[in-house]
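Start counting the sequence shown at 1224; every next residue gets the next number (my numbering). We put the CB at the ideal spot given by N, CA and C, even for glycine. Worksheet: the structure to be examined is printed underneath.
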Amino acid sequence: MRNFVPLSLALALGALSVTSPSSAGELIYRPINPSFGGDPFNGSYLLGKAQAQDTHKDPSLSDFGGLSATDRLVQSLQSRLISQLLSDVSSGDIGTGSYDSNDFGVVVSDEGGQLVITVTDKATGDITNINVGGLSAGGL
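Next comes the structure, spelled out in structure tokens:
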């Protein structure tokens, strides 16, 4: 008798589940990735997630770490000195002539009312010419 009650209860529940109406919804595919029709606002989120998971480094790319702090300071000082030199030339404080530093050679000349400044990088040998019309070595 003990086995009969649980068995009959299981059969009754099984019969009810078979006869009761079941409902199911329609399956709808909604893409997430904007490349496949998803919401365009997900693009930056998905790209960020992909880049965070990317551990592969391309061996053919060079290191873009850039300059050290000392190199950036030297570059900034050289840029500032060249800027000051150009400012002094245009205001008339400095005339034509040659000016040398450890890394650069600067030649200022006046060619027919056009100020010509030639900057030579001593390390690489690169030459940059700056031509400014309307200025002379004596000022504006």
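Asked                                                                                                                                                                                 : Found
Counting C-beta neighbours from all protein chains within 10 Å, is the total for Val-1355 16 or more, i.e. buried, or is it exposed?                                                  : exposed
What is the DSSP secondary structure of Gly-1261, reduced to helix, strand or coil?                                                                                                   : coil
Find the nearest neighbour of Leu-1290 within the set Ser-1283, Pro-1282 and Ser-1299, judged by alpha-carbon distance.                                                               : Ser-1299
Can you tell me the Cα-Cα spacing of Gly-1328 and Val-1339, whole angstroms?                                                                                                          : 14 Å
Taking Tyr-1268 as part of the alpha helix (DSSP H), name the residues at either end of that continuous run.                                                                          : 1266-1276
Is the beta carbon of Gly-1248 less than 7 Å from the beta carbon of Ile-1255?                                                                                                        : no
Measure the alpha-carbon distance for Leu-1363 versus Ser-1314 and round it to whole angstroms.                                                                                       : Note that Leu-1363 has pLDDT 44, beneath the 50 cutoff, so the model's placement of it is unreliable and the number below is only indicative. One C-alpha to the other measures close to 7 Å.
Kindly list the residues whose CB is nearer than 8 Å to the CB of Asn-1265, restricted to its own chain and excluding five residues on each side of it in sequence; keep chain order. : Ile-1255, Asn-1256 and Pro-1257
If I'm right that Gln-1301 touches Asp-1326 with Cβ under 8 Å, what's the distance once you round it to whole angstroms?                                                              : 6 Å
Bridge partners of Asp-1333, per DSSP?                                                                                                                                                : Leu-1338
Just to confirm, are Val-1330 and Thr-1347 a CB contact at a threshold of 7 Å?                                                                                                        : no
For Leu-1269, which residues in the same chain have their Cβ closer than 7 Å to its Cβ, ignoring the five residues on either side in sequence?                                        : Asn-1256
In terms of alpha-carbon separation, which member of Gly-1320, Asp-1344, Lys-1345 and Thr-1343 lies closest to Asp-1333?                                                              : Gly-1320
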